[in-house]
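Protein chains: 2
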Amino acid sequence: MAKKASEKAYEILRDEILDWTLAPGTVLGEVEQALRLGVSRTPLREALGRLTADGLLTNDLGRGLVVTALSTKNVEELFELRQALEQQAARLAAKRRDPELFLALRDEFVEMASARMLDESGRQAYYDLVRRFDEAVDQSIRNQYLLGALRNLRIHLSRLRRLAQDNPFRLVESASEHLVIVSAIADGDAELAAHATHIHLYKSLRYALSLAQGDEGPQRDSMQIVG
Amino acid sequence: MAKKASEKAYEILRDEILDWTLAPGTVLGEVEQALRLGVSRTPLREALGRLTADGLLTNDLGRGLVVTALSTKNVEELFELRQALEQQAARLAAKRRDPELFLALRDEFVEMASARMLDESGRQAYYDLVRRFDEAVDQSIRNQYLLGALRNLRIHLSRLRRLAQDNPFRLVESASEHLVIVSAIADGDAELAAHATHIHLYKSLRYALSLAQGDEGPQRDSMQIVG
DNA sequence: TTGAAGCCCTGTGTATACATAGAAAGCTAA
DNA sequence: TTAGCTTTCTATGTATACACAGGGCTTCAA
């Protein structure tokens, strides 16, 4: 048994919201969810409180706690915050980085940017590399407040993964964009790192929105994109 | 009686942390605080959870929940986040503002920048003006995520007010810095607004740190500045 | 048939009792 | 005297019972 029931409830509910098992608009009653997750109302309420603070739930007065929506407008707002946070993170990382660490990552991105990435394992390797790059940036910035804001941002961003659709061409493009960022950080060029981040986010957003626009398939409604 | 005991407990504890009644390092036990505030442990725990999410408390494993510290290093980190968020806010406000609103505010800052501001009522009027300016920016940015991040940031910033010391010369200087920002927003010049914000924050931080450094008075220890 | 009023019912908010783990203190033995 | 073990105590974590409010449904009257 895991140590804390509230932690367990939080993780289950968070994951279910992030992978769209609990779709936007779903109302979460306390007794109902406590029963379903096999915990009592007290730790469940703590979990719901944390999810509300995260912005994954909202207290729709009269209806109770509902899973927040993710319209295209929300995605654009999210990217406006992301731009502010990640550009600053890139700047600080460039100033405070361990050069060795980012030179090693650069070499890996060089390979990725030239690789075909058409098969599943190639994609997995790329996602893993991006994850390690993010961790390297997190460690390098040495700023607890910025780090906290980034973590909260990423919770929301991970809800967009459902849109990603693993387009190999976009991934190669993304790899070459990351290559500029990681090189700039390795070189300690803060402004270059910030601007490269700006470009990467601009292209990522354009791509995500083009998917949302073009998506006229059966999942369209369940995605709640196209606001 | 106020509707919710948890809300009451949250507000009391938050205010006490922000005005340093509860100094950094103070350990908050559940039964102890519940007794003191006249609520039961259940709503108190909810309040403590929110304060922890805000970053005002930290779960120092073994010691319980303690009020977080605010060293000079923390202040510098806070301003690195502030720079990212407020520059972006200034940019977005410049793009989406209602020109009338910011032109009116500009006129008020013009007066403030030339006023002497030596008496208490003058200072109060200035703080009120800055507050209304912040509200105008909040309304103009039209971004719930950035707004949420700004609100969380301001919770921490308000802990620094104890340092402010109401220096009239600094306030006049601050007014003229704000004047550039508000003019840029009124003109719809996003980059100018961002850069003017950058400068304002740079000078504010320098000033705050100079106070912390130079403060050799009796309050020095209780401030926990000079990390 | 429709509107209004009252009652019930469901859900949240709060208090409290119980479980349990970790720390501190005391006791015993070397 | 000190090290190690046990015991106790205090704190948090959890469950549950009770209070109360808001909404919906039913019922009665016009």
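Chains as they are written, first to last, in the numbering used here: chain A, 31 to 257; chain B, 31 to 257. Glycine included, each C-beta is placed from N, C-alpha and C at the ideal position.
One thing to note: A242(A) has its Cβ no nearer than 8 Å to the Cβ of T56(A). The continuous beta strand (DSSP E) containing G94(B) extends over residues G94 to V97.
Excluding its 5 nearest sequence neighbours in each direction, L111(A) has C-beta neighbours in its own chain below 7 Å: L183, listed in chain order. Linking A143(A) to T51(A) through their CA atoms gives a straight-line distance of about 34 Å.
Take I211(A), set aside five residues on each side of it, and the residues of its chain with a beta-carbon closer than 7 Å to its own are A120, A223, A226, T227 and H230, in chain order. With 16 or more neighbouring CB atoms inside 10 Å of its own CB, Y40(B) falls in the buried class. Within the segment 59–142 of chain B, the runs of alpha helix (DSSP H) at least 4 residues long that lie entirely inside it are, in chain order, 60–67, 71–84 and 102–126.
Residues of chain A whose Cβ lies closer than 7 Å to the Cβ of L108(B) are, in chain order, Y175.
For the segment 76–95 of chain B, the set of positions with a beta-carbon nearer than 9 Å to some beta-carbon of chain A reads E76, G79, R80, A83, D84 and G85 in chain order. Within the same chain, G85 and L108 come within 7 Å of H186(B) by CB-CB distance, once the 5 residues on both sides are set aside. For S206(B), the CB contacts under 7 Å within the same chain, skipping 5 residues up- and downstream, are A143 in chain order. Looking at S188(B), E76(B) and K34(B), the one whose alpha-carbon comes closest to that of I47(B) is S188(B). At a C-beta separation below 8 Å, Q243(B) has no neighbours in chain A, since its nearest C-beta there lies roughly 21 Å away. Three or more pairs of CB atoms, one per stretch, sit closer than 8 Å, so the segment 113–131 of chain B contacts the segment 165–174 of chain B.
Taking R80(A) as reference, the option from G68(A), R44(A) and T98(A) with the minimal CA-CA separation is R44(A). Contact note: A64(B) does not reach chain A at a C-beta cutoff of 9 Å; the least C-beta distance is about 14 Å. Contact between V105(A) and A238(A) holds, since their C-beta atoms are separated by about 6 Å, short of 8 Å. Runs of alpha helix (DSSP H) with 4 or more residues, each lying fully within the segment 166–226 of chain A, are found at 174–187, 191–194 and 198–217, listed in chain order. Listed by position along chain A, the residues whose Cβ is nearer than 8 Å to that of G55(B) form an empty set, because the closest Cβ is around 17 Å away. For the C-beta of L122(B), the chain A residues within less than 9 Å are, from N- to C-terminus, E110. Contact of T102(B) with chain A by beta-carbon distance below 9 Å is absent, the smallest such distance being about 14 Å.
Under the Cβ distance rule, G59(A) does not count among the residues neighbouring chain B, no pair being separated by less than 8 Å. For the C-beta of T72(A), the chain B residues within less than 8 Å are, from N- to C-terminus, T72. When D158(A), L122(A), S151(A) and L148(A) are compared, the shortest CA-CA separation from E138(A) is found for D158(A). According to the DSSP assignment, K38(A) belongs to the alpha helix (DSSP H) that extends over A35 to L48.
Taking the C-beta atoms as reference points, L58(A) is found nearer than 8 Å to L95(A). Going by C-alpha positions, P198(B) is about 53 Å away from I42(A).
Our two residues, P73(A) and T98(A), have alpha carbons roughly 21 Å apart in a direct line.
Exclusion of the five residues before and after L235(A) leaves V105, E106 and F109 as the residues of its chain whose Cβ lies within less than 8 Å of its Cβ.
Between R136(B) and A216(B) a beta carbon distance of about 5 Å is seen, short of the 8 Å cut, so the two are scored as contacting.
A194(B) is the residue among G218(B), E130(B) and A194(B) whose C-alpha sits nearest the C-alpha of D49(B).
Apart from the 5 residues on each side of it in sequence, V202(B) sits with its Cβ closer than 7 Å to the Cβ of A143 and M147 in its chain, given in chain order. E116(A) sits buried, since 16 or more C-beta atoms from the chains shown fall within 10 Å of its C-beta. Of the other Cβ atoms in all chains shown, 16 or more fall within 10 Å of the Cβ of V69(A); this residue is therefore buried. Within a 10 Å sphere around the beta-carbon of V61(A) sit fewer than 16 other beta-carbons, which makes this residue exposed.
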